[in-house]
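Step one of this worksheet: look at the structure below.
Protein chains in written order, with the working numbering: chain A, 22 to 173; chain B, 483 to 888; chain C, 720 to 850.
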């Protein structure tokens, strides 16, 4: 996944503050968190930065597909192993006698489940990384054997 | 609920919805199981003699002819058949005076032999989930071979004595020649060169004895010794990688496990590939005293490497292959031998073996089109019913017909 | 340029899936007829990722594509998924620790201009037909 530094290197680095941030590094982080868009940087609209703009657009494209928690699933990499389904604390709390002990979920309050051989994400609002009181839970990503599930 | 017969975990929590010609939705099935279920719809076999389509009855009669007239028939496969079918198969072998062998004998059977005869202590996978605080995958990569192993049993789920699971209460150790997918997930990975397992075992025994290990990173080996000593209930799951490395010195593993059991509790759960490999071994062991590579020639029961498929393929004059594709999965020399004798293939799907076969008998896919029972890799018996209607005969039915014809 | 390597076979879930669709498919061949090599070994052989190499020993020979290893360095070790291609190199002497079948296969590798071996060619070899 792209990092803030990579984004910063492609920004004008003139700290013009038009976007509302005091430094281009701050804007880079905001772009990564999707709190700002590329169009929010007036300096970047200058034709002399066209190459950088296009490169930035390319780098930030995968983030478009991410859910509101920043979760991205790459189904073509997924083993369907269920590690994330069983490790997810929300899943375990919702179904302690199923996901809690390694079985597939039966209800619809879980956020991760394996369908047709690969993992699917649902009820994303229940995820601990969602909302203003979010915590950096990473149970699903550290238990994935193939980086099929990632956070931006 | 459906049982998946894709590997020897025999997962029972599969929810399946079918539409004509395809699976409309399936839940909880891993990618491997999903591939296995999809096989229901692709490249199904038709009854054939010499490449020409015939009726099932004709194919069975021809197969019976071939077997009846053979002096040294070989019956091979069995790991993808139910216990009921395997029983008939063993009877058939006895009746024919044939050699019978499974898909594991020549490289892995020795481990199962030690487990089934009690020389290596074992437990169930449910015990692993409930009690194991240390799981060791040695020469095995469950992420690719038994994808739900870690999430259902060995590392991630909560258990009776392991409520805090992988976060605080479980350690997963991988010993392997490469950084496999499982090695990337585990808490402690030890890289061993091919053939280096004997040295590694010697070093582990040394640290358990409080001595300086001769092989490997001393600090890491001592740390490993500490983890093992602190373990309350350990489970070692050896795969082909370990067994092929110490195959004729299996007592090295026995010594290590015995040493561990002087200090704490350690069990061995053998990793086997197909869903009913263990079932065949258990049945044959109960029947003849041997778990594989048995010959019933001249009414005697003999056992030995000369009866393993690798050797028997060279001397057989006809072969029945059931639920297996040895032309793809066995060494080239063996594939060549089998390809050149009158071959009878019983299989739901097309393979190199069915392509080379003189007689092809299509069979139902167990777990979907036919039911029965099987033994999971840990010895637990799992039963399953068919969920799809099919006119195809099951292995059990085909073998019974063959027995009648002969 | 030639190198001697130890080939170790392994299981791969994606190759298994391709086999369950069809053993005769291009996908299955792409995932099977492949040898994973250490970067250093590749440099020594003068081969790049996706180029073809001839892998041979006393048992048989195959032409497969090179894949760059993503593992920590392992010079002298090569990895192949268990398949009819890898089995061309596996001896049918009964497995012992000294002749360990699938897990320690000695083979020579050299760059090759040939196409990757087809499954039909492997099949013909088994039947004793063709070259």
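Note that the Cβ used here is the ideal one computed from N, Cα and C, for glycine as well.
For residue i, verify whether its CB is less than 7 Å away from any heavy atom of the ligand SAM.
i, result
"residue 763 of chain B", "The ligand SAM is absent from the structure shown, which contains no ligand whatsoever."
Drop a sphere of 10 angstroms on the beta-carbon of residue i, count the other beta-carbons inside from all chains shown, and report buried for 16 or more, exposed for fewer.
i, result
"residue 499 of chain B", "exposed"
"residue 850 of chain C", "Because the pLDDT at residue 850 of chain C is just 46, under 50, the model does not fix this residue reliably, and the value given afterwards should be weighed accordingly. So residue 850 of chain C counts as exposed."
"residue 736 of chain C", "buried"
"residue 847 of chain B", "buried"
"residue 783 of chain B", "exposed"
"residue 75 of chain A", "exposed"
"residue 157 of chain A", "exposed"
"residue 701 of chain B", "exposed"
"residue 720 of chain C", "exposed"
"residue 528 of chain B", "exposed"
"residue 502 of chain B", "exposed"
"residue 153 of chain A", "exposed"
"residue 118 of chain A", "exposed"
"residue 694 of chain B", "exposed"
"residue 534 of chain B", "exposed"
"residue 120 of chain A", "buried"
"residue 524 of chain B", "exposed"
"residue 739 of chain B", "buried"
"residue 699 of chain B", "exposed"
"residue 831 of chain B", "buried"
Less than 8 Å between the C-beta atoms of residue i and residue j, yes or no?
i, j, result
"residue 751 of chain B", "residue 565 of chain B", "no"
"residue 164 of chain A", "residue 104 of chain A", "yes"
"residue 736 of chain B", "residue 602 of chain B", "yes"
"residue 615 of chain B", "residue 651 of chain B", "yes"
"residue 760 of chain C", "residue 787 of chain C", "no"
"residue 785 of chain C", "residue 834 of chain C", "no"
"residue 882 of chain B", "residue 531 of chain B", "no"
"residue 852 of chain B", "residue 868 of chain B", "yes"
"residue 841 of chain C", "residue 807 of chain C", "yes"
"residue 543 of chain B", "residue 886 of chain B", "no"
"residue 486 of chain B", "residue 496 of chain B", "yes"
"residue 108 of chain A", "residue 638 of chain B", "yes"
"residue 111 of chain A", "residue 93 of chain A", "no"
"residue 742 of chain C", "residue 833 of chain B", "yes"
"residue 734 of chain C", "residue 756 of chain C", "no"
"residue 731 of chain C", "residue 809 of chain C", "no"
"residue 816 of chain B", "residue 791 of chain B", "yes"
"residue 48 of chain A", "residue 40 of chain A", "yes"
"residue 800 of chain B", "residue 823 of chain B", "yes"
"residue 822 of chain C", "residue 520 of chain B", "no"
Who does residue i pair with in a DSSP beta bridge?
i, result
"residue 670 of chain B", "B/655"
"residue 858 of chain B", "Residue 858 of chain B is not bridged to any residue."
"residue 142 of chain A", "A/133"
"residue 864 of chain B", "B/856"
"residue 829 of chain C", "C/773"
"residue 581 of chain B", "B/556, B/777"
"residue 728 of chain C", "C/799"
"residue 744 of chain C", "Note: residue 744 of chain C sits in no beta bridge, so no partner."
"residue 720 of chain B", "B/620"
"residue 844 of chain B", "B/829"
"residue 171 of chain A", "A/93"
"residue 666 of chain C", "One cannot answer for residue 666 of chain C here, as it falls past the ends of chain C, which runs 720 to 850."
"residue 498 of chain B", "B/508"
"residue 815 of chain B", "Partner(s): none; residue 815 of chain B has no beta bridge."
"residue 750 of chain B", "B/718"
query = Which residues, in order along the stretch 828–859 of chain B, keep a beta-carbon less than 9 Å from a beta-carbon of chain A?
reply = So the list is empty, because no residue satisfies the distance condition.
inquiry  = Assess contact between the stretch 798–806 of chain B and the stretch 820–836 of chain B, defined as three or more Cβ pairs (one per stretch) separated by less than 8 Å. Is contact present?
reply    = The answer is yes - the stretch 820–836 of chain B touches the stretch 798–806 of chain B, with three or more Cβ pairs under 8 Å.
message = Any C-beta of chain B within less than 7 Å: which residues of the stretch 730–745 of chain C qualify?
response = Residues passing the 7 Å Cβ filter: 730, 731, 732, 735, 736, 739, 740, 741, 742.
message = For the stretch 579–593 of chain B, list every residue whose C-beta sits within 8 Å of some C-beta in chain C, in sequence order.
response = The residues in question are 588, 589.
ask   = Relative to chain B, which residues along the stretch 777–807 of chain C have a C-beta separation below 8 Å, given in chain order?
value = Taking 8 Å as the Cβ-Cβ cut-off against chain B, the residues of the stretch 777–807 of chain C that qualify are 778, 779, 790, 791, 793, 796, 798, 801, 802, 803, 806, 807.
key: At least three beta-carbon pairs within less than 8 Å, the stretch 786–801 of chain C to the stretch 646–663 of chain B   = Yes: at least three Cβ pairs fall under 8 Å.
inquiry  = To be precise: take each residue of the stretch 490–512 of chain B, compare its Cβ to all Cβ atoms of chain A, and keep it if any distance is under 7 Å. Which residues remain?
reply    = Here the close residues are 495, 507, 508, 509, 510, 511, 512.
key: the stretch 681–697 of chain B in contact with the stretch 626–641 of chain B per 3-pair CB rule at 8 Å   = Under the three-pair Cβ rule at 8 Å, the stretch 681–697 of chain B does not count as touching the stretch 626–641 of chain B.
task = Residues of the stretch 611–636 of chain B with a CB closer than 8 Å to any CB of chain A: list them in chain order, please.
result = Residues passing the 8 Å Cβ filter: 611, 625, 626, 629, 630, 632, 633, 634, 635.
request  = Could you name the residues of the stretch 665–694 of chain B whose beta carbon sits closer than 7 Å to any beta carbon of chain A, in the order they occur along the chain?
outcome  = Of all residues in the stretch 665–694 of chain B, only 666, 667 come within less than 7 Å of chain A when Cβ atoms are compared, listed by chain position.
The stretch 137–155 of chain A contacting the stretch 512–521 of chain B, beta-carbon criterion three pairs below 8 Å = Short answer: they touch.
query = Of all the residues that make up the stretch 35–65 of chain A, which are near chain B by a beta-carbon distance shorter than 8 Å?
reply = In summary, no residue of the stretch 35–65 of chain A has a CB separated from any CB of chain B by less than 8 Å.
query = For the stretch 724–739 of chain B against the stretch 583–591 of chain B, are there 3 or more C-beta pairs whose distance is under 8 Å?
reply = Segments in contact, yes.
query = Between the stretch 577–585 of chain B and the stretch 676–683 of chain B, do at least 3 Cβ pairs fall closer than 8 Å?
reply = Contact between the stretch 577–585 of chain B and the stretch 676–683 of chain B is absent, because fewer than three Cβ pairs lie under 8 Å.
request  = Anything in the stretch 711–730 of chain B with a Cβ closer than 7 Å to a Cβ of chain C? List those residues in chain order, please.
outcome  = Flagged, chain order: 722, 723, 726, 727, 728, 729, 730.
Positions along the stretch 800–830 of chain B whose CB lies within less than 9 Å of some CB in chain C = Taking 9 Å as the Cβ-Cβ cut-off against chain C, the residues of the stretch 800–830 of chain B that qualify are 807, 809, 810, 811, 812, 813, 814, 815, 816, 817, 818, 819, 820, 821, 822.
ask   = Does the stretch 561–581 of chain B come close enough to the stretch 755–768 of chain B to have 3 or more Cβ pairs within less than 8 Å?
value = The stretch 561–581 of chain B is in contact with the stretch 755–768 of chain B.
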